[in-house]
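Quick note: the sequence shown uses the UniProt record's numbering, first residue 1, plus one each step.
Working notes, beginning with the structure itself.
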Amino acid sequence: MMYLYRNFKLVEIIAAYLSLEYVLKHRGAGTFTLTLNDGDVARSFFQNDILMIGDDAFIVENIHVFSDDGANTYEISGLHINSLLSRRVIKAVTFKTNASYESQVETLLNDTFINPEDMDRKVDGFVFNAQGIETSPAVEYTLENMEVAETVNTALSRAELGYTIDYIPEEELYSFRLIQGEDKTDDVIFSDRNNNISNKDVYQQQQDTKNVGYLNNDGVLTSKGAAAGIERREFIVEGADITVIDERLADSKPLISAEFEVIDNELYQYGRDYKLGDVVTFEDYESNLIAQRPLLEVSFYCTDTITRTTTFGDSIPTIFDKLKKKGR
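Here you go:
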């Protein structure tokens, strides 16, 4: 069952559909596409309505109607309610080492959504639900000229934290909270040999890895990092602030990513035994890989059956990500 809300009021219950595809992310906003052939149900949808799928809320952004031999098909699509964060921007935010990520994100959202100076930016019902997560930045850094969504995603990725916005119609709230995954590395192992994955796509990348940095401060070199011999990969920057080295090292680690379809069995069930953000073990003997990483994304495709694809590990940067970062 899915539930359609408008202005926090229930307007429709959806029990039947041709197909449903949706994506949940540990950080950021997933998408959904719902395909219907029932015109009466489809006409209940308006842009900006909220579709509840389980505990997750999605904003209706697009409505597409097309016909074939006189029969209409209705395609409703949109974004997870986390996408609200992309509706505001920041000039600059500095994340400091003497405060938790949670408290600093709370300040950021208070300034842009909850109690901003420009009250046209305020979102009624937007609240921050503190979880008591004490993780703090290892180094101080500043992010500039970004959407709030990109700011939060970038910051929390460094702490391997996630977040979600809970839609609570009974209280008319959009409740933001951080998510800290659990360590399930000994309990949840995805592997061909366990017969719980199929159609895998595994990627290991180290070509951009740097593990020792030099700061050139008017000819005086200061180094950070620990590696020797052929394994040592150096970089050098000019400046006086040693935290630049820490930030570059944090962004230059080897990356591991895997995408695979999950075969549910009695041993592991999504939602019962593991969830987004949990750190699990992935084994791929074809690429000699055994790694422990968080689950970042889960995709569902539902017709008569449900197919679930999971993304594990690091986000592999594309050439567009690299160009965007250089241009900042």
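Cβ atoms here follow ideal geometry from the backbone N, Cα and C, with glycine treated the same way.
If you're wondering where the values come from, they're calculated on a predicted model, not measured in any experiment.
Simplified DSSP state of residue i, which is helix, strand or coil
i, result
"Val-41", "helix"
"Ile-179", "strand"
"Ser-198", "strand"
"Phe-46", "coil"
"His-245", "With the sequence shown as reference, residue 245 is identified as Ile, and His is not the correct amino acid for it. In the structure shown, Ile-245 sits in a helix (DSSP, three-state: H, G or I)."
"Asp-308", "It is worth fixing the name first, because residue 308 is Arg in this sequence and not Asp. Three-state result, Arg-308: strand."
"Arg-88", "coil"
"Ala-250", "helix"
"Ser-287", "coil"
"Gly-229", "helix"
"Arg-193", "helix"
"Lys-326", "With a pLDDT of 46 at Lys-326, under the threshold of 50, the predicted position of this residue should be treated as unreliable, though the coordinate-derived value follows. Three-state DSSP puts Lys-326 in a helix."
Delimiting residues of the alpha helix (DSSP H) encompassing residue i
i, result
"Gln-131", "From DSSP, Gln-131 is part of no alpha helix (DSSP H); its letter is neither H nor E."
Where residue i falls, given that 16 or more other Cβ within 10 Å makes a residue buried
i, result
"Asp-40", "exposed"
"Glu-102", "buried"
"Arg-293", "buried"
"Thr-94", "exposed"
"Thr-222", "exposed"
"Thr-112", "buried"
"Ile-230", "exposed"
"Glu-247", "buried"
"Ala-149", "buried"
"residue 336", "A question about residue 336 goes unanswered here, because the residues of the chain that appear run from 1 up to 328."
"Phe-58", "buried"
"Ala-92", "exposed"
"Asn-145", "exposed"
"Tyr-285", "exposed"
"Asp-304", "exposed"
"Asn-153", "buried"
"residue 341", "For the chain, the structure presents residues 1 to 328; residue 341 sits outside this window and is missing."
Residue range of the unbroken beta strand (DSSP E) whose run includes residue i
i, result
"Asp-56", "56 to 68"
"Ala-258", "255 to 262"
"Met-2", "2 to 6"
"Asp-284", "279 to 284"
"Tyr-74", "71 to 80"
"Asn-216", "212 to 217"
"Leu-267", "Per DSSP, Leu-267 belongs to no beta strand (DSSP E) and is neither H nor E."
"Lys-25", "19 to 25"
"Thr-303", "Looking at the DSSP string, Thr-303 is not in any beta strand (DSSP E), and its letter there is neither H nor E."
"Leu-276", "Here Leu-276 belongs to no beta strand (DSSP E), and DSSP marks it neither H nor E."
"Lys-9", "9 to 14"
"Thr-33", "31 to 36"
"Val-188", "Where Val-188 is concerned, there is no enclosing beta strand (DSSP E), given that its DSSP letter is neither H nor E."
Beta carbon proximity, residue i to chain B, threshold 8 angstroms
i, result
"Cys-302", "Any reference to chain B falls outside this structure, which holds one protein chain only."
Inter-stretch contact at 8 angstroms, needing at least 3 Cβ pairs: the region 125 to 135 / the region 184 to 193: By the criterion of at least three beta-carbon pairs nearer than 8 angstroms, the region 125 to 135 is not in contact with the region 184 to 193.
Within the region 97 to 181, ranges of the beta strand (DSSP E) (whole runs, at least 3 residues): Those beta strand (DSSP E) runs which fall completely within the region 97 to 181 and span 3+ residues are 126 to 128, 141 to 147, 162 to 168, 173 to 179.
Given 8 angstroms, three or more beta-carbon pairs between the region 62 to 76 and the region 136 to 156: Not touching, per the Cβ criterion.
Segment contact flag, the region 77 to 96 with the region 18 to 36, C-beta cutoff 8 angstroms, min 3 pairs: Yes, they touch.
Stretch-stretch touch, CB-based, cutoff 8 angstroms, three pairs: the region 270 to 289 with the region 188 to 195: Touching, yes.
Inter-stretch contact at 8 angstroms, needing at least 3 Cβ pairs: the region 235 to 255 / the region 202 to 216: At 8 angstroms Cβ cutoff, the stretches touch.
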